[in-house]
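Using my numbering, read the sequence shown as starting at 109 and increasing by one per residue.
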Amino acid sequence: MRLVIVTGLSGAGKTVALHALEDLGFFAVDNLPVPLMAGFAALLMSNPDYPEAAIAIDIRNADFLSHWQGVKAQLLRMNHTVEILFLEASDAAIVARYQASRRPHPLSDGDQLLPTIADERALLEELRKDVNWLVDTTDLTTHELRGRVFSFFSDFELPPLRVHLISFGFSKGLPMNADMVVDARFLPNPYFVQGLSDLLGTDPPVQAFLENHTEVRDFVDKLADLVLYLLPRYRSEGKAYFTLAIGCTGGRHRSVYVAEALQKRLTAAGFEPRVSHRDAQGT
Numbered sequence: 109m110r111l112v113i114v115t116g117l118s119g120a121g122k123t124v125a126l127h128a129l130e131d132l133g134f135f136a137v138d139n140l141p142v143p144l145m146a147g148f149a150a151l152l153m154s155n156p157d158y159p160e161a162a163i164a165i166d167i168r169n170a171d172f173l174s175h176w177q178g179v180k181a182q183l184l185r186m187n188h189t190v191e192i193l194f195l196e197a198s199d200a201a202i203v204a205r206y207q208a209s210r211r212p213h214p215l216s217d218g219d220q221l222l223p224t225i226a227d228e229r230a231l232l233e234e235l236r237k238d239v240n241w242l243v244d245t246t247d248l249t250t251h252e253l254r255g256r257v258f259s260f261f262s263d264f265e266l267p268p269l270r271v272h273l274i275s276f277g278f279s280k281g282l283p284m285n286a287d288m289v290v291d292a293r294f295l296p297n298p299y300f301v302q303g304l305s306d307l308l309g310t311d312p313p314v315q316a317f318l319e320n321h322t323e324v325r326d327f328v329d330k331l332a333d334l335v336l337y338l339l340p341r342y343r344s345e346g347k348a349y350f351t352l353a354i355g356c357t358g359g360r361h362r363s364v365y366v367a368e369a370l371q372k373r374l375t376a377a378g379f380e381p382r383v384s385h386r387d388a389q390g391t
């Protein structure tokens, strides 16, 4: 089994790195006591669904430094591959992060933070010399750190991007969870066509009406091109999901049609978009 230990200075980004590994398919655990690590690895090894695991460990784990070398040797004897990802940052960056989060440093007893950071650096110095990857996160954003972790494990395929298409009516408010909102109210409105107002954008007569207009076909084409351009780039950045909201006035005709048409385009391109019509059955 492949076991990645995520460690380093408190405030350097271990949680972000652990979540990135989890997104790559690693079974992720935060702050597992070191004496339990060999048993944990043996348990996972017996389950073929967990070929890789990642464990975040820091100075909160009092047994970490004193037991690590012995536990590592035991893991190697069990034929596990053990790799260490060590994260660090400048004193100024760590201080700024703790000030922003308002959380206490695990070694702090209320005194000044800088001496506490210095103590932690000294305690981790020997471990720092025996790592596979050393990352200074001082100038890295969260997304950049995730990208760095992904680059270390380029043999892993990123999980598929989850795509959700939502149709809605502007008269009932914007969806709260949308990454992007598109306004389809400029398209011809079936609501004003006799026999279509009580139907939905999923009904063939409404679809035929809309498909008969060049601007509708052009809009779907251009929107599909844009989304298909964006999705691979969001995925390569490590984004796990993308929600596109498409709105018209009431959320029953134009937005529903466009969402359904876009789903077909994305499906043909290899994605598996989920579609929901928030206001289609509204009164």
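For each residue, glycine too, the CB sits at the ideal point set by N, CA and C.
Pull up the CB-CB distance for residue i and residue j, whole angstroms please, since I reckon it's below 8 angstroms.
i    : j    : result
G358 : Y299 : 7 angstroms
E295 : L273 : Strictly speaking, residue 295 in this sequence is Leu, with Glu absent from that position. So it is not a contact: roughly 16 angstroms between Cβ atoms.
L231 : I165 : Going by Cβ atoms, the distance from L231 to I165 rounds to 13 angstroms, so no, they are not a contact pair.
G346 : D131 : 7 angstroms
L111 : L183 : 6 angstroms
H213 : S118 : 6 angstroms
Y365 : Q302 : That pair is no contact at about 18 angstroms.
A161 : F135 : 4 angstroms
D309 : E368 : As written in the sequence, residue 309 is Gly, which differs from the Asp given in the question. Between E368 and G309 the Cβ distance is about 7 angstroms, and since that is below 8 angstroms, they are a contact.
L374 : V328 : About 11 angstroms separates the two Cβ atoms, so there is no contact after all.
T250 : A201 : Actually they do not touch by this definition, with Cβ atoms about 13 angstroms apart.
L339 : A286 : In fact, because the Cβ distance is near 15 angstroms, the residues do not count as touching under 8 angstroms.
V114 : I163 : 7 angstroms
So the alpha helix (DSSP H) residue i belongs to, where does it begin and stop?
i    : result
L253 : T250 to F260
G178 : F172 to R185
E228 : L221 to R236
L126 : K122 to D131
Just mark residue i as buried or exposed, buried being the case when its beta carbon has 16 or more other beta carbons within 10 Å.
i    : result
E196 : buried
L242 : exposed
G116 : buried
R254 : buried
Y337 : exposed
R185 : exposed
H361 : buried
T224 : buried
S209 : exposed
H188 : buried
D387 : buried
K122 : buried
M284 : exposed
L222 : exposed
T391 : Any reading at T391 is ruled out, since the residue's pLDDT is 47, under 50, leaving its predicted position unreliable.
S384 : exposed
P312 : exposed
How is residue i classed by DSSP in three states: helix, strand or coil?
i    : result
I167 : coil
H281 : Note on identity: in this sequence residue 281 is Gly, with His being the wrong assignment. Of the three classes helix, strand and coil, the one that applies to G281 here is coil, per DSSP.
T391 : Per-residue confidence for T391 stands at a pLDDT of 47, beneath the threshold of 50, marking its modelled position as unreliable; the derived number appears in the next sentence. DSSP places T391 in coil when its eight states are reduced to three.
S305 : coil
G378 : coil
M153 : helix
L295 : coil
L269 : coil
S216 : coil
A161 : strand
G147 : helix
Just curious, the beta strand (DSSP E) that residue i is in, first and last residue?
i    : result
F135 : F135 to D138
Y342 : Element bounds for Y342: not the beta strand (DSSP E) but the alpha helix (DSSP H), T322 to S344.
A353 : Y349 to C356
L242 : W241 to D244
Whole alpha helix (DSSP H) elements within the stretch 188 to 212, 4-residue minimum:
Taking only runs of at least 4 residues, the alpha helix (DSSP H) segments lying wholly in the stretch 188 to 212 are 199 to 209.
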